[in-house]
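Taking it in order: structure first as structure tokens, then the write-up.
Residue numbers (the UniProt record's numbering), protein chains in the order written: chain A, 1 to 423; chain B, 1 to 420.
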């Protein structure tokens, strides 16, 4: 079994690997976190601890899933709020976890309704020996408007509450941002101005995943009614990645410490977040679906990736993709690349023909006798929709041509398949 | 002409293996992983495939099984992991063998070297026979730091893997690759060397800390009525001949009768059809509800166009005419054919090895030890099942037993030292 050092240093804290449970139902009590640590997770953002005066009162049922064809959990909708256990119990669990697992990292997620709450909670979790604080400024389904994502979209409140937490604790502080916002940068900057040391993102995306079309309301139905609430899982990964990239693109935030969250379930997902600048990685949805054991393949797969990349420390790749992701107006628009069809691989299904005709530029001709497609280069714009729909990988990138009147040598252009899967 | 004989059925692609892995329910306390005689952990490696970690899947398979790519192809999974699969509660079991084949093919394509030779402990092991059991013993011992010499009577290693199982089911390239992996790990194979003839057991005992006899049942049994009949060939002889020639043999009959109902009989009959022998009839002692061959083998044989007649025993032979009688009903048939191939079981040749073999073609006692504390048996001659997956299990078990015997006292001493 391959052995590589997966450890990372984040906000002055040493993590044995980047994988953490995110603040959610998966890290809700001592026993859960202990099992997760035993199975290889480096730490936990314990389920958000609120002030004593806020009473958590949950609905039943509280989850929904988005499916596509036969695939469950493409996305996951939940309506849970913050930890339902009493404050004393949560603090006791944090302390016991740190005592029994001194090398694991305990991040106390907290949420208050006002500056006093935030400051007091920061003090309490610091006394409970947490290693780090994460401020939950982003839960989209709190029953109080003084809490959650309503706060996180308001930079003034964010700054004020971060300053309150800073007054209450000397621990490193992460501000957990909501994606329910057009531009995350102002809120992130406000949190840093207020005293946060890094950003955790994304929290869940406000959503309605499915309707019960007979009862005519959103799922899950609670006594005949539904609600908008947070969406997570694989389907939100693209949203998370874009926010993280845009944070690291912002002036002065190129080295922003980030704990990445959003649809991570494989080592490739993990690598993607690292390449965009996340140093630690937080996971919930795939744990809810599959269990803590998923960390085994994330760790092992990441070690093999390190071996392939020839690196000894993950720090060597953190943020390595930021600079090659540029605004759309900076991309090379001087050329197009035609698809190349491998007739030995082609099985004659005609999906490329249908998609090109109905969804692109009518550039694939279909030989009905032979059941084989050919590319009409006069019509083809090189969009490569055909490549994506081909079920057997028979379509790849072929000849590169410069557009009329454009400068450049086609041979100098780097061409990659738009598709990650190799058949 | 030999294309049908040489061509293995296509395996999964990266896309189709994921489709199959996605059918896996990723059970808690997975029943498949408790059902493998060789302790393979399908639940673990399928989960790795599911989460795009094919290299991790390869590690799981290879660290447990020196012959992972071979077991993937020849294991009767229907009797083990796939029988236990929870997915049968929905439709049909996961194709565990197929996924394992994809993973081990990937391992080969990616040139992964998962097993590492252990730090030398200065101890030496001799293994008699390089069939699956011997190869597994060698692998386990090499990873533990033993020096390993294997004595093989033939010019190639692998035993029945190399000389028996047909190319379409187990390509020789795969067998060679698995053996090369074990040679790279440090195994020293002495080819064309028959122990008891070219080199004596006493010499092996004198020069090694333990000797493992893993000679297998390498010779076909011949029913007395067929002795010295020029129309008769043994299954072992026929399969070896065809495999060595990669199917290019010239003396093919126009029609043939195969006698036997096990996997070997199915291999012979299917091979004949794949070599375009027009009429192939397999006469089996067992009836279909007690059939010995695996369902996969039986299905393949039927698809190849073999006529299988169950429940008949040969009662008389006259030249190329054989008369069979049904075991339970009043029925008799006589078949005249150009060739009669006997696949009625195999026997052990343990001449000059000082090993007692009983009428069941195995040692008359359980376990791997023998009267001589330095000599062990494993593989088909040890009691238990006679499949490749069992050979792997027996190979691992005898290796652990020998290691415990040789290093046990040393390790305890180390432990005491470590505690100080």
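All C-beta atoms in this analysis are idealised placements derived from N, C-alpha and C, irrespective of residue type, glycine included. In this text the structure is predicted, and so the values were computed from the model without any measurement.
Within 8 Å of any Cβ in chain B, is that where the Cβ of residue 67(A) sits?
Closer than 8 Å: no.
Quick one: give me the first and last residue of the beta strand (DSSP E) that residue 340(A) is part of.
Element bounds for residue 340(A): 335-341.
May I ask you to list, following chain order, the residues of the segment 21-44 of chain A that have a beta carbon less than 7 Å from some beta carbon of chain B?
Going along the segment 21-44 of chain A in chain order, one finds no residue with a Cβ nearer than 7 Å to chain B.
Which one of 33(B), 284(B), 116(B) has the shortest CA to CA distance from residue 186(B)?
Residue 116(B) is the option with its Cα nearest to residue 186(B).
Return the first residue and the last residue of the alpha helix (DSSP H) that residue 102(B) is part of.
Note, residue 102(B): alpha helix (DSSP H), 96-109.
When you compare only the Cα positions, how much space is there between residue 285(A) and residue 121(B)?
Roughly 48 Å between the two C-alpha positions.
Should residue 174(A) and residue 229(A) be called a contact, given that it needs their Cβ atoms to be closer than 8 Å?
Contact: no.
For a test of the three-state rule: what should DSSP assign to residue 326(A), helix, strand or coil?
Looking at residue 326(A) - three-state DSSP - the assignment turns out to be coil, as it is neither helix nor strand.
On a CA-only basis, which of 408(A), 405(A), 64(A), 2(A) is nearest residue 207(A)? Give me that one, please.
Among 408(A), 405(A), 64(A), 2(A), the Cα nearest to that of residue 207(A) is on 64(A).
Strictly by DSSP, which residues pair up with residue 219(B)?
The partner list for residue 219(B) (beta bridge, DSSP) reads 347(B).
What in chain A is Cβ-close to residue 33(B), meaning under 9 Å?
In chain order: nothing, as chain A lies at least about 13 Å away.
Less than 7 Å between C-beta atoms, sequence neighbours within five positions excluded: which residues of the same chain meet that for residue 4(A)?
The answer, listed in chain order, is 303, 306, 307.
Less than 8 Å between the C-beta atoms of residue 339(B) and residue 332(B), yes or no?
Not a contact, by the Cβ cut-off of 8 Å.
The segment 141-169 of chain A: which residues have C-beta closer than 8 Å to a C-beta of chain B, in chain order?
Of all residues in the segment 141-169 of chain A, none has a Cβ within less than 8 Å of some Cβ in chain B.
Hey, residue 402(B) and residue 127(B): beta-carbon distance below 8 Å or not?
Not a contact, by the Cβ cut-off of 8 Å.
In whole angstroms, what is the alpha-carbon distance linking residue 78(A) and residue 61(A)?
Each residue's alpha carbon lies about 9 Å from the other.
Mind checking the segment 258-286 of chain A against chain B and listing, in chain order, the residues whose C-beta falls within less than 8 Å of any C-beta there?
For the segment 258-286 of chain A, which is checked against every Cβ of chain B, the residues closer than 8 Å are 265, 266, 267, 268.
Using the C-alpha atoms, what's the distance from residue 353(A) back to residue 366(A)?
Residue 366(A) and residue 353(A): Cα-Cα distance of roughly 7 Å.
Which parts of the segment 289-368 of chain B are runs of the alpha helix (DSSP H), unbroken and 4 residues or longer, counting only runs that do not cross its ends?
Segments of the alpha helix (DSSP H) lying fully in the segment 289-368 of chain B: 295-303.
Judging by CA-CA distance, which residue of 58(B), 63(B), 109(B), 136(B) is the nearest neighbour of residue 100(B)?
Selected option, being the one with the closest Cα: 58(B).
How about residue 201(A) and residue 244(A): are their beta carbons less than 8 Å apart?
Their beta carbons are under 8 Å apart, which means residue 201(A) touches residue 244(A) by this criterion.
Along the chain, where does the beta strand (DSSP E) containing residue 392(A) start, and where does it finish?
Neither: residue 392(A) is in no beta strand (DSSP E) and is coded neither H nor E.
I'd like to know if residue 55(B) contacts chain A, where contact means its C-beta is closer than 8 Å to some C-beta of that chain.
Closer than 8 Å: yes.
Under 8 Å, do residue 102(B) and residue 155(B) count as touching if we go by C-beta distance?
No.
Quick one: what's residue 448(A) bridged to in DSSP?
Nothing in the structure corresponds to residue 448(A), since chain A is present only between 1 and 423.
Note down the Cα distance separating residue 85(A) from residue 385(B), rounded to an integer number of angstroms.
Distance between the alpha carbons of residue 85(A) and residue 385(B) is about 55 Å.
Taking the runs of the beta strand (DSSP E) that are 3 residues or longer, which of them lie wholly in the segment 70-127 of chain A?
Counting only runs of 3 or more, we get 71-78, 105-110.
Hey, quick one: how far does the alpha helix (DSSP H) through residue 73(B) stretch, first residue to last?
Run containing residue 73(B): 68-74, per the alpha helix (DSSP H) assignment.
Under the rule that 16 or more other beta-carbon atoms within 10 Å means buried, what is residue 419(B), buried or exposed?
Since pLDDT at residue 419(B) reaches only 36, below the 50 mark, its modelled position is unreliable, and no value is offered.
Compare the C-beta of residue 350(A) with all C-beta atoms of chain B and state if any pair is closer than 8 Å.
Not one chain B Cβ lies under 8 Å of residue 350(A).
At 7 Å on the CB atoms, spell out the chain A contacts of residue 26(B), in chain order.
Residues of chain A passing the Cβ test: 290.
Where are the alpha helix (DSSP H) runs, 4 residues long or more, that stay fully inside the segment 156-198 of chain A, in chain order?
Here the runs fully enclosed are 185-194.
Run the CB neighbour count on residue 315(A), radius 10 Å, all protein chains shown included, and call it buried at 16 or more, exposed below.
By the 10 Å Cβ count, residue 315(A) comes out exposed.
Where does residue 282(A) land, buried or exposed, given buried means 16+ other C-beta within 10 angstroms?
The residue in question, residue 282(A), is buried, as its Cβ has 16 or more Cβ neighbours within 10 Å.
For residue 312(B), I'd like the list of residues in its chain whose CB is within less than 6 Å of its CB, leaving aside the five on either flank, ordered along the chain.
Taken in chain order, the residues that qualify are 283, 324, 326.
Using 8 Å as the threshold, is the C-beta distance between residue 226(B) and residue 342(B) below it?
Yes.
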